[in-house]
Amino acid sequence: MKRKMVLVVALALLVAACGPDGNTEPTRAAIPADVPGVKEIAVVEDPAELRPGPRDASPEPVAEPVFKPVPEPAPASSPKPVRSNLPTPPPTRRRPAIVAPDPAVPRVPPALDLRPGGIVPADDVRVTAAVADLAIRLGQDTDAIDVLDAREVTWRDGSVGCPTPEMGYPQVLVPGFLVVLRSGDSSYRYHSAGDLLPFLCETPQAPLEGSA
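Position in the sequence shown (from 1) plus 3 gives the number in our numbering.
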């Protein structure tokens with residue numbers, strides 16, 4: 004019995020060694036099924052089938068999207084002041100404003116002549132105009148100026164009592180007006196004629212009638 008089994012196995016090995024050429028597909032050796040104690044042996048044609056497969060291969064990770072913050076625009080900077088190389092102009096000197104007192108009446112010393120034809124009312128427009136002009140010239144307030152004399156006079160010629168050297172004037176009598184003011188220790192004479200307002204006279208001459 005054993006010899007028969009050995010003979011069958013040897014025959015199977017011989018058939019396997021003398022397999023088909025490269026143009027024919029290999030076939031499994033037929034083993035008699037009636038041989039007791041011999042089991043069918045499976046022949047693996049592709050050796051790669053004997054390699055163990057991967058164990059529970061995990062799927063490749065999927066890259067998650069990356070969100071980049073969008074930078075906010077920087078606030079606009081205020082423009083810097085431009086420095087000029089030009090020199091600063093000197094401050095402008097303004098003539099002091101004349102504030103007329105209420106009532107606007109210059110102070111008149113009580114010792115003046117108040118007879119008819121003498122001193123005129125202190126609120127006369129010619130008096131207030133002379134006081135205002137002198138206050139501007141001296142840079143003072145009108146209250147600091149006193150009225151020494153204010154009267155209607157007659158000038159000797161057309162110079163209105165204030166001749167200019169080397170100037171000729173009509174030799175006629177001219178009715179006019181005289182105002183004498185005082186500020187501190189100095190006195191100032193204002194002459195006028197007709198409808199003209201009094202002007203400061205620096206070379207005064209006495210009128211034909213009366214003087215101050």
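All residues carry an ideal CB built from backbone N, CA and C; glycine is no exception.
This one's a predicted model, so the numbers in the text were calculated from it and none came from an experiment.
Query, Result
"Presumed contact (8 Å Cβ cut-off) between F202 and R129, rounded CB distance", "Not confirmed; about 11 Å, so no contact."
"CB-CB length for G164 against P207, believed under 8 Å", "6 Å"
"For V182, the first and last residue of its enclosing beta strand (DSSP E)", "177 to 186"
"Beta-bridge partners of G196, as assigned by DSSP", "The amino acid at residue 196 is misidentified as Gly; the sequence shows Ala. BP columns for A196 point to G179."
"Residues bridged to C204 [DSSP beta-bridge criterion]", "R192"
"Boundaries of the beta strand (DSSP E) in which T131 is found, first to last residue", "Per DSSP, T131 belongs to no beta strand (DSSP E); it is in the alpha helix (DSSP H), 128 to 141."
"E169 - partner residues in DSSP beta bridges", "Looking at the DSSP assignment, E169 forms no beta bridge with any residue, so it has no partner."
"Rounded C-alpha distance that separates L200 from E169", "25 Å"
"Contact set for K196: own chain, Cβ-Cβ below 8 Å, skip 5 residues either direction", "The amino acid occupying residue 196 in the given sequence is Ala; Lys does not appear at that position. Counting only Cβ-Cβ distances below 8 Å, and skipping sequence neighbours, we find W158, V163, V177, P178, G179, F180."
"Contact under 8 Å by Cβ, L141 with S186", "yes"
"Element boundaries [beta strand (DSSP E), containing L151]", "149 to 158"
"Of the residues L184, A77, R192, Q174, the one placed nearest D160, counting alpha carbons only", "Q174"
"Separation of P72 from A66, as counted between CA atoms", "19 Å"
"Classification of D136 by the beta-carbon crowding that lies within 10 angstroms, buried from 16 upward", "buried"
"Other residues of its chain near L211: CB distance less than 8 Å, five sequence neighbours each side excluded", "V156, T157, W158, R159, L176"
"Buried or exposed (CB count within 10 angstroms, at least 16 for buried), L16", "exposed"
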